[in-house]
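Contents: one structure, followed by commentary.
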Amino acid sequence: MTKVLMQGNEAIAEGAIRAGVRFFAGYPITPATEIAERMASRLPEVDGTFIQMEDEIASVTTCVGASLAGVKAMTASSGPGISLKQENIGMAAMHECPLVVVDVMRVGPATGMATLPAQQDIQQARWGSHGDRGVIALCPSSVAECYDLTIKAVNLSEKYRLPVMLLTDAEVGHMREAIAIPERVEVVERRRPDVPPGDPSFQPYAAKPDGVPPMADFGAGYLWHAEASTHNVRSDLASTDHKSADFLHRRLIDKVEKHVREMTFYSTRRLDDAEVAVVSYGVSARGSAGAVELARAQGLKAGLLNLNTIWPFPAHLIEDLAGRVRAILVAELNAGQLVREVRLAANGRVPVHHVGRFDGLILTPTEVLARLREVL
Amino acid sequence: MPVHVLHANELKEKYVLTRNLPTIWCAGCGIGTVLGAAVRAIDGLGLDKKDVVFTIGIGCSGYSSRYVNFDAAHTTHGRALTTATGLKLANPKLTVITLTGDGDCVGIGGNHFIHAARRNIDVTAILFNNSIYGMTGGQYSPATPTGALSTTSPYGMVEGTIDPCELARAAGATYIARSTTYHVQLLRQLIAKAITHKGFSLVEAIAQCPNQFGRLNKIGAAPEMMRQYKREAVRVDSLDAEVPPGKIKIGELYKADRPEYTKMYAKVREEAKRRAAARGQ
Ligand code: SF4
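Structure, rendered in structure tokens:
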């Protein structure tokens, strides 16, 4: 295992390449630009393609084209750019086109505070594009996790044929830490059709039991249509075919929701005997970890649940926690976004409190501890 | 250019997704004529179906590839050219053809049109220009002639009109041609040349929308609209050719020789690998 000093954004680029990403299209935006810069120099070295597009919409749709041709693709931006990409993140979901979209979150709304961290795109990641669909979003809280979760994001996007979001923030994106590059990583390839081109039984949107249809590369001879409109299993329009519409739309939700446990990544700190739990993610989990240590030093039995999977929301972890602790405190850089999900999952069994800020500063251990004391 | 013409029934057998018929197009619509010319051009070039991919956007033109048996990406409004860019970059061996309307291409997707031309990426854009948003019921587009009636210009359209060919040349396209649904043999030949051309090519196909543009502007049904194209079209060989006012220039309008994007990017890869090797990676 080699150890290297790396920036969070660089680790995302390197993790993506390690996972087999060979196409990146992007548009300059703070605080995500380093990902594009790294890809611009690295991808051509490995026979990949980097292109700077004319705008955010072009970036995501160009990635869709590359992915349809069978190449693993990624784009990256921050809140304003993600807002612009949303329609076409939905298109990738409808095409069932594997793709990773990185959101290095900054303070919003609008231009907000371009260089400063926030976690305000949590619900945007879930509901930002119109329509119902299953969403996967992962969230790293360290440079090592940037590397690891990017690989997981690529793998999940390939396995489940959908756009996966990596939600990080200006702080984690720009911090530098020494990370150990693992010698072996698991890399998943999308499932290709198990019948030869021209086989009359081939139906481009006929799913396997896991809800995911095999995917043929454009140019391989299967002659199929990646369809953004509601369609049947043959990819023909289902404009008034309500049965096919219901079947498709449910499948787009179920292929994620039925595999929540497999998609759930998290870590804990001192949670086993905790009486009070801090639930956090990303940069806020770092301040929360410090708060747990401070609390323990003062005799308060606190623990931390650091969620690396934001969507699909791992409600089962909260349900379990709700039976074991006296209170939950959700720490995040927003006015209360993930706390909604935690409250839903806790379902009144335990009080769920919130500590947040959205002024460009991060949550410190003392700040989280003070709120812990307040709510107990 | 070798002319190899299949009988309509053979053509249908080979390329048409008959299960999706009938088309949604109104009687007399010009889109099918343009699609037919494109399919005949592909067939005449002897291209293997599996090497040709289509991308389409939204609008009446955005239905075209649904009726033919090729790999095709049906994208969001205006984004057919960017999806095409990704396909071509990821697999430069593909023949990538974008079928797009005037609203899709020079309206909502105008920025992408400019930059695809600027990059000179080897994509063929076939622009169905019917001067109107037909699908949504006849609103004016950037290609609607000033003064024309539409449901959103009931007093006459007061904005200027984009000439997609002029725009393409200014942006850097290297093959530009125009024809009409009346001049369908010429259209087929121009599409074939555009496909063969290595670089960004535009074929503007003036196509009638009798149901919206023709009706609202009291031109009449499809035959009257096509007669108008016959009257107004002048065959020229340059975008700068002088024609009397009110005439439409058709033919091969512009050709330039400029490096194609995927070829240029292949050089970037070579250079990156050379430097990486020099660093001892
Ligand atoms: S509305 Fe116009 S463009 Fe659309 S199908 Fe009818 S005639 Fe054709």
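Chains C and L supply the protein sequences, listed in that same order.
Just so it is clear: in the first sequence, position 202 is 201 by numbering that gives the first Met the number 0, and no numbers are missing.
Just so it is clear: in the second sequence, position 26 is 25 by numbering that gives the first Met the number 0, and no numbers are missing.
Just so it is clear, CB atoms sit at the ideal spot from N, CA and C, and this is done for glycine as well.
In angstroms with no decimal places, state the Cα-to-Cα distance between residue 29 of chain C and residue 52 of chain C. Each residue's CA atom was taken as its position, placing residue 29 of chain C and residue 52 of chain C some 16 Å apart.
In chain order, what residues have a CB nearer than 6 Å to some heavy atom of ligand 1? L/24, L/25, L/28, L/30, L/59, L/129, L/133, L/134, L/208, L/209, L/210 and L/211
Could you work out which residue in L/270, L/277 and L/237 is closest to residue 40 of chain C when comparing CA atoms only? L/270
Neighbour list for residue 92 of chain C in chain L, Cβ cutoff strictly below 7 Å: Those do not exist, as residue 92 of chain C stays about 12 Å from chain L at its closest Cβ, beyond 7 Å.
So is residue 46 of chain L in contact with chain C if we call contact Cβ pairs under 8 Å? Chain C, which has no Cβ nearer than 8 Å to the Cβ of residue 46 of chain L, makes this no.
In this structure, what does DSSP give as the bridge partners for residue 174 of chain L? For residue 174 of chain L, which the question treats as bridged, DSSP gives the partners L/200 and L/254.
Could you name the residues of the stretch 95 to 116 of chain C whose beta carbon sits closer than 8 Å to any beta carbon of chain L, in the order they occur along the chain? none
If you reduce the DSSP assignment to three classes, tell me which class residue 2 of chain C lands in. Look at residue 2 of chain C here: in three-state DSSP terms it is strand.
Among C/363, C/358, C/322 and C/337, which one has its Cα closest to the Cα of residue 347 of chain C? C/322
Chain-ordered residues of the stretch 134 to 152 of chain L with a beta carbon less than 9 Å from chain C: Against chain C - using a Cβ distance shorter than 9 Å - the stretch 134 to 152 of chain L contributes no residues.
Rounded to whole angstroms, what's the CA-CA distance from residue 14 of chain L to residue 11 of chain C? Just pull it up for me. 44 Å
Is it the case that the Cβ atoms of residue 208 of chain L and residue 133 of chain L are separated by a distance below 8 Å? Judged by beta-carbon spacing, residue 133 of chain L lies within the 8 Å limit of residue 208 of chain L, meaning their Cβ atoms are closer than that value.
Distance, Cα to Cα, residue 154 of chain C vs residue 18 of chain C? 7 Å
Members of the stretch 64 to 77 of chain C that neighbour chain L once the beta carbon cut-off is set at 8 Å: 64, 65, 66, 67, 68, 69, 70 and 72
Buried or exposed: which applies to residue 371 of chain C, given that a residue is buried once 16 or more other Cβ atoms fall within 10 Å of its Cβ? buried
Alpha carbon to alpha carbon, how far is residue 60 of chain C from residue 81 of chain L? 6 Å
Residue 92 of chain L versus L/101, L/100 and L/194, residue with shortest Cα-Cα distance: L/194
In chain order, what residues of the same chain have a beta carbon less than 6 Å from the beta carbon of residue 101 of chain L, not counting five sequence neighbours either side? 128, 140 and 142
Whole runs of the beta strand (DSSP E) within the stretch 266 to 351 of chain C, excluding any shorter than 3 residues: Counting only runs of 3 or more residues that sit fully inside the stretch 266 to 351 of chain C, the beta strand (DSSP E) segments are 275 to 279, 301 to 306, 308 to 310 and 326 to 331, in chain order.
Helix, strand or coil: how does DSSP classify residue 147 of chain C here? helix
Proximal chain C residues relative to residue 73 of chain L, where beta-carbon distance stays under 8 Å: 224, 225, 226, 227 and 228
Between the CA atoms of residue 21 of chain C and residue 273 of chain L - distance to the nearest angstrom: 18 Å
According to DSSP, is residue 167 of chain L helix, strand or coil? Reduced to three states, the DSSP call for residue 167 of chain L is helix.
Would you mind stating whether residue 73 of chain C and residue 99 of chain C have Cβ atoms separated by less than 8 Å? yes
How many angstroms separate the CA atom of residue 210 of chain L from the CA atom of residue 138 of chain L? 12 Å
In chain L, which residues lie less than 8 Å from residue 217 of chain C when you measure between Cβ atoms? 52, 70, 72, 86, 90 and 93
List the residues of chain C whose Cβ lies closer than 9 Å to the Cβ of residue 14 of chain L, in chain order. Per Cβ cutoff of 9 Å: no residues; residue 14 of chain L is ~10 Å from chain C at best.
Could you tell me whether the Cβ atoms of residue 88 of chain L and residue 63 of chain L are closer together than 8 Å? no
Would DSSP call residue 140 of chain L helix, strand or coil? coil
Determine, for residue 231 of chain C, whether the minimum Cβ-Cβ distance to residues of chain L falls below 8 Å. no
Once the 5 residues before and after residue 267 of chain C are set aside, which same chain residues still bring their CB inside 6 Å of it? 304
Counting only Cβ pairs nearer than 7 Å, list the residues of chain L close to residue 382 of chain C. In the structure as shown, chain C begins at 0 and stops at 375. Residue 382 of chain C is therefore absent and cannot be evaluated.
Between the C-alpha atoms of residue 121 of chain C and residue 150 of chain C, what's the straight-line distance to the nearest angstrom? 20 Å
Cutoff 6 Å; reference residue 204 of chain C; Cβ partners in own chain excluding five residues on either side: 212, 232 and 234
Are residue 281 of chain C and residue 156 of chain C touching if we call contact CB-CB under 8 Å? Their beta carbons are not under 8 Å apart, which means residue 281 of chain C does not touch residue 156 of chain C by this criterion.
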